[in-house]
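Numbered by our numbering, the letters in the sequence shown go through residues 109 to 295 in order. Working notes for the structure below.
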Amino acid sequence: TYTFTETFNYSDFPYGSTAITRTATVTDTAGNVATESITLTITKIDNQSPTISLSSTLTSVQIRTSEQTKTITYSVTATDNTGISSVSIPGATLGSQSGATYTFTETFNYDDYSYGNSTVTRTATVTDTAGNVATESITLTIIKIDNQSPIVGSFNSDLTSISLSASNPTQVTTYFVTATDNTGISS
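This is the structure:
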């Protein structure tokens, strides 16, 4: 029995399956030759996840009564050793791709949020051609601001003329205000 070894290197093969044939040749002392061949299947598997980087033009989004939508842009940079199959951010729309950079936009609407601060998390997902996945998340602060002034519908008094004298030094009048506001009147 004779033993031989061969080392197979990852970098020597393309992704997928490759058939190779190895032949053993045996020669005896009289010069007679015999050969036997075997076929090996080398399967190179991509199990390396893509790389991902996520950023946005803003991390704090202000939506106001006077500006009820705000659009922000996300930038995803994705690379992989075999190729990118898909890049996505749920809730955002892919606008363009240039090389390894994918640009998405998302519009935030005033009516979708309560007054004050709230947070949302957006997660970018990159899938390579072998099905490996990488994700990265970003948290945004959404600030809904009421910058609409109340409306005074009317302001009047039960008296239109007040006369004060030594014998009548005080007079009480009542004022009536009709006012409305989109969020409510505090005083």
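Yeah, the Cβ is synthetic: ideal placement off N, Cα and C, and Gly gets one too.
Select from the options the residue whose C-alpha is nearest the C-alpha of residue i.
i, options, result
"threonine 109", "Leu148, Val134, Pro198", "Val134"
"glutamate 144", "Asp154, Gly224, Ala132, Thr211", "Ala132"
"alanine 208", "Ser222, Val184, Gly292", "Val184"
"valine 241", "Thr159, Ala127, Thr126", "Thr159"
"glycine 292", "Ser257, Ile192, Asp154", "Ser257"
"threonine 282", "Tyr210, Ile270, Asp120, Ser265", "Ser265"
In whole angstroms, what separates the C-alpha of residue i from that of residue j?
i, j, result
"glycine 124", "valine 169", "46 Å"
"threonine 179", "threonine 249", "14 Å"
"glutamate 114", "arginine 130", "10 Å"
"leucine 267", "alanine 274", "20 Å"
"leucine 202", "proline 122", "31 Å"
"alanine 232", "serine 294", "42 Å"
"threonine 149", "threonine 177", "58 Å"
How would you label residue i, buried or exposed, when you count the other beta carbons within 10 angstroms and need 16 or more for buried?
i, result
"alanine 186", "buried"
"glutamate 175", "exposed"
"aspartate 136", "exposed"
"threonine 167", "exposed"
"valine 195", "buried"
"valine 234", "buried"
"aspartate 220", "exposed"
"alanine 138", "exposed"
"isoleucine 197", "buried"
"phenylalanine 216", "buried"
"isoleucine 153", "exposed"
Going by DSSP, what residue range makes up the beta strand (DSSP E) through residue i?
i, result
"isoleucine 253", "241-253"
"asparagine 264", "259-265"
"glycine 207", "Per DSSP, glycine 207 belongs to no beta strand (DSSP E) and is neither H nor E."
"leucine 272", "Per DSSP, leucine 272 belongs to no beta strand (DSSP E) and is neither H nor E."
"serine 226", "224-236"
"tyrosine 283", "283-288"
"valine 280", "No beta strand (DSSP E) contains valine 280, which DSSP labels as neither H nor E."
Taking residue i and residue j to be in contact with their CB atoms under 8 Å, please state how far apart those CB atoms are, rounded to whole angstroms.
i, j, result
"threonine 229", "threonine 247", "5 Å"
"threonine 213", "alanine 200", "6 Å"
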